[in-house]
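Below: the structure, in structure tokens.
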Amino acid sequence: MDRVDGYRVYIGSLFALRNQDALKEANITHVISAVGPKERPSAISSLQTYDGIRGHLTLDLLDQDKENMLQHFPQAVRFMEAAIADGGAVLVHCGLGVSRSATIVLAYMLYQARPRLAPGDALLVLRGSRAGCQPNAGFTEQLALYHQMGCPETLQDQTLYQQFLSSER
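Residue numbers (full-length UniProt numbering): 1 to 169.
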């Protein structure tokens, strides 16, 4: 589990949930689990034994280029903002802490710094905290689209999002 420089946000793998001492030390109060069906039971069971959790958001996501990660950006950003406003810290994790979790953290960073921070620059900042971060190609495209739309709070009325949904992915 690694702290994202400048944020009360941590990024990690599924194994980060099992280190309750580290969760307590980091004041982790909220968790976003960006996991697929096979990983979900492990994430839920790990959190059931940690008493510091005040909120848990599970995003059903596979680490595949064609996965629609973009649809989850506004909800994840709102969840993270609320957690931090409440004085807590957020752990965003996926299976390995490389692609799905990095994509969610990058969406949050883009939203917070809109429009000044470009996706590539955000990735460089994130890699300063966790060197192995590498969203897959499809997620990278979706981050670019989110940035191009201005990191909106909702997507439904966005023409670019509607085009994204109707494109052959």
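Glycine included, each C-beta is placed from N, C-alpha and C at the ideal position.
Assigned exposure category for GLU39 - 16 Cβ within 10 Å defines buried
The sequence position of residue 39 within the sequence shown is 39, counting from 1. Sixteen is the threshold: when 16 or more other Cβ atoms of the shown chains lie within 10 Å of the Cβ of GLU39, as they do, the residue is buried.
Under a three-way DSSP split, which group does LEU47 fall into?
As a first step, residue 47 must be located in the sequence shown, where it is residue number 47. In the structure shown, LEU47 sits in a helix (DSSP, three-state: H, G or I).
Can you give the beta carbon distance from ARG18 to SER46, rounded, assuming they're within the 8 angstroms contact cut?
Along the sequence shown, read from residue 1 onward, the residue named residue 18 stands at position 18. Along the sequence shown, read from residue 1 onward, the residue named residue 46 stands at position 46. Indeed they touch by this definition, with Cβ atoms about 5 angstroms apart.
Quick one: what does DSSP say THR58 is sitting in, helix, strand or coil?
Here the question's residue 58 lines up with position 58 in the sequence shown. THR58: strand per DSSP, three-state reduction.
LEU91, enclosing beta strand (DSSP E) - first and last residue
Along the sequence shown, read from residue 1 onward, the residue named residue 91 stands at position 91. Element bounds for LEU91: 89–93.
Just the C-alpha distance for LEU124 and ALA137, rounded to the nearest angstrom, thanks.
Here the question's residue 124 lines up with position 124 in the sequence shown. Here the question's residue 137 lines up with position 137 in the sequence shown. Distance between the alpha carbons of LEU124 and ALA137 is about 16 angstroms.
Any idea if ASP63 is buried or exposed, counting beta-carbon neighbours within 10 angstroms, 16 or more meaning buried?
Along the sequence shown, read from residue 1 onward, the residue named residue 63 stands at position 63. With 16 or more Cβ atoms within 10 Å of its Cβ, ASP63 is classed as buried.
Excluding sequence positions up to five away, which residues of its chain have a Cβ less than 8 angstroms from the Cβ of TYR10?
Along the sequence shown, one-based indexing puts residue 10 at 10. Excluding positions up to five away in sequence, the list reads MET1, ASP2, ARG3, VAL4, ALA16, ALA26, ILE28, ALA89, VAL90, LEU91 and VAL92.
Where LEU126 and SER166 are concerned, what is the direct C-alpha to C-alpha distance, given to the nearest angstrom?
The sequence position of residue 126 within the sequence shown is 126, counting from 1. The sequence position of residue 166 within the sequence shown is 166, counting from 1. Whole-angstrom Cα-Cα distance: 31 angstroms.
Measuring alpha carbon to alpha carbon, tell me which residue in ILE32, TYR50 and GLN148 is nearest ALA22.
Your numbering for residue 22 matches position 22 in the sequence shown. It is TYR50.
Give a yes or no on whether 8 angstroms exceeds the smallest Cβ distance from GLN163 to chain D.
Protein chain content of the structure displayed is limited to a single chain, and chain D is not contained in it.
So which of ALA144, GLY12 and LEU96 has the shortest CA-CA distance to PRO119?
Working through the sequence shown from its first residue, we reach residue 119 at position 119. Of the listed residues, the one whose Cα sits closest to PRO119 is ALA144.
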